[in-house]
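If you read the sequence shown in this note's numbering, its first letter stands for residue 22, the second for the next number, and so on.
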Amino acid sequence: MGTTTQHDQDDAGLDPREALALLDAERTRTQQRLVPDLRLLYGTWGVAWLVGFLVLWGSTTGRGPLALPPAAGGVVFAGLLVAAVVVTGVHIARRTAGVRGASSTQGAMYGWAWLLGFGCMASVMASAAGAGASPDVLGVLGPAVSGLVVGLLYLGGGAMWQDRAQYSLGVWILLSSAVGALAGHPSNHLVMGLLGGGGFLVAALVVAARGPRAGAPA
């Protein structure tokens, strides 16, 4: 009698619906852990662009509280950009560490895309300078290429994680870059700082209001 009761309990514990629910819950937890913390990424890029581009604008025009000597302004901007790229790559790598499968591969490839994109950007800028591009041309080309790389990567991230907000931010960054390029140098620095950097910070606040798991797949 006792054995029969035990078998009945075991059979009850193997309810297919409960097993499926457990699998779905585990899948959801894994997906949520793999999705980057967009508050961190948006906030990092928002600060880097807002401060960095305003420093460039102040260094070029001699106006504003962030005006520095041109060489120092360039170093500050480059440092902020490198820091943002590193934070992005490391954060995504940590999210996917120890996890195998398609989701892990997606995250790793996306993280490397940031490093490769900006590595190629540095090569393009160096080549343009070596070809004799003027400071004004380089001043327009650098922010435009940077915005193009970032905007396209956020479009890709939004498509990969099915996050319309992230995709929309990518569109905004691309539009800001286009407007900045049309504004010319050095006004493009002001445009990129206020529209691009400001857009990132607004997006970070929106994601924070939605909750820490905003952007996670349903």
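Glycine is no exception: its CB is placed at the ideal position from the N, C-alpha and C atoms.
Per the coordinates, the alpha-carbon of P37 lies some 45 Å from the alpha-carbon of L136. Per the coordinates, the alpha-carbon of A143 lies some 14 Å from the alpha-carbon of A134. Put simply, the segment 163-172 does not touch the segment 81-96. Fewer than three CB pairs are less than 8 Å apart. Distance from the CA of V171 to the CA of L89, rounded to the nearest whole angstrom, comes to 26 Å. V212 is a Cβ neighbour of A204, given a cutoff of 7 Å. Going by C-alpha positions, L173 is about 10 Å away from G138.
In the structure shown, L222 falls within a helical segment according to DSSP collapsed to helix, strand and coil.
Taking all protein chains shown into account, S80 has 16 or more neighbouring C-beta atoms within 10 Å of its C-beta and is therefore buried. A distance below 6 Å between beta-carbons, with the five flanking residues on each side excluded, links L216 to the following residues of its chain, in chain order: S197.
Counting only the Cα atoms, L59 lies some 12 Å from R116. Taking the C-beta atoms as reference points, G67 is found no nearer than 7 Å to A180. Taking the Cβ atoms as the reference, G214 lies roughly 4 Å from L75, within the contact range of under 8 Å. With a contact defined as Cβ atoms closer than 8 Å, V192 and Y63 miss out at about 15 Å. For M181, the enclosing alpha helix (DSSP H) begins and ends at P156 to M181. V56 and W182 have their C-alpha atoms some 8 Å from each other. For L71, same chain residues with a beta-carbon under 6 Å away, outside a window of 5 residues either side, are G214 and G218 in chain order. F221 and L101 have their alpha carbons spaced roughly 15 Å apart.
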